[in-house]
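Colleague:
In full-length UniProt numbering, the protein residues as written are 1 to 158.
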């Protein structure tokens with residue numbers, strides 16, 4: 001395993017070189033409520049919807065990014081995720097943990113989310129070993145969302 005701060009070079013001979021991140025699917029119980037929250041609170045754009053039996057699938061994109069989407073999978077039969085007060089407690093469940101969005105200013109983004117009454121799970125803090133600043137919040141259904149800001153984009157300390 002490489003040292004924690006070493007970058008591993010791309011593998012141009014891999015048969016998977018064309019792979020890129022595209023979207024993450026989030027299971028929610030109520031399409032209308034989830035679409036309203038993501039578009040009204042996070043300013044995501046509703047790109048398209050599709051019925052799938054009793055469920056509704058929808059793709060939403062961030063306000064100014066067409067390269068990443070959230071797929072809402074909404075409808076009956078959705079068990080709630082646990083709510084957590086401490087980020088460390090969220091590590092107890094195997095499988096998908098969170099999605100992450102890169103932002104220009106983590107502190108400003110968390111401030112705006114707080115102004116919009118979004119549940120903040122982890123206040124902004126530095127992760128020197130990862131060379132970034134990060135924070136977590138959750139949607140009303142307990143899905144965790146991380147915001148990161150690379151140190152390389154932060155103003156120099158005085």
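Each residue gets a CB set at the ideal place from its N, CA and C atoms; glycine is no exception.
For clarity, every value in this text was computed on a predicted model and none was experimentally measured.
Write down every uninterrupted run of the alpha helix (DSSP H) in the UniProt domain "VOC" (20-150) whose length is 4 residues or greater and which is fully enclosed by it, in chain order.
Modeller: Runs found: 31-40 and 106-115.
Colleague: Report the rounded CA-to-CA distance for residue 130 versus residue 97, giving the unit in angstroms.
Modeller: In the chain shown, counting from the first residue as 1, residue 130 sits at position 130. In the chain shown, counting from the first residue as 1, residue 97 sits at position 97. Using only the alpha carbons, I get a separation of about 18 Å.
Colleague: Looking at C-alpha atoms only, which residue of 83, 76, 133 and 55 is the closest neighbour of residue 147?
Modeller: Here residue 147 refers to the residue found at position 147 of the chain shown. Per the Cα distances, 133.
Colleague: Does DSSP put residue 9 in a helix, a strand or coil?
Modeller: Taking the chain shown and counting its residues from 1, the one referred to as residue 9 is at position 9. Coil.
Colleague: When DSSP labels each residue in this structure, what does residue 14 get in the three-state scheme?
Modeller: Mapped onto the chain shown, residue 14 falls at position 14. Three-state DSSP puts residue 14 in coil, outside helix and strand.
Colleague: Using 10 angstroms around the beta-carbon of residue 11, count the other beta-carbons present and answer buried if the total reaches 16, otherwise exposed.
Modeller: What you label residue 11 is simply residue 11 of the chain shown in a count that begins at 1. Per the 10 Å Cβ criterion, exposed.
Colleague: Sorted by chain position, which residues of the same chain lie with C-beta nearer than 7 Å to residue 90's C-beta, five sequence neighbours on each side aside?
Modeller: Counting from 1 along the chain shown, the entry for residue 90 is found at position 90. Excluding sequence neighbours, residue 90 sits near 84, 97 and 144.
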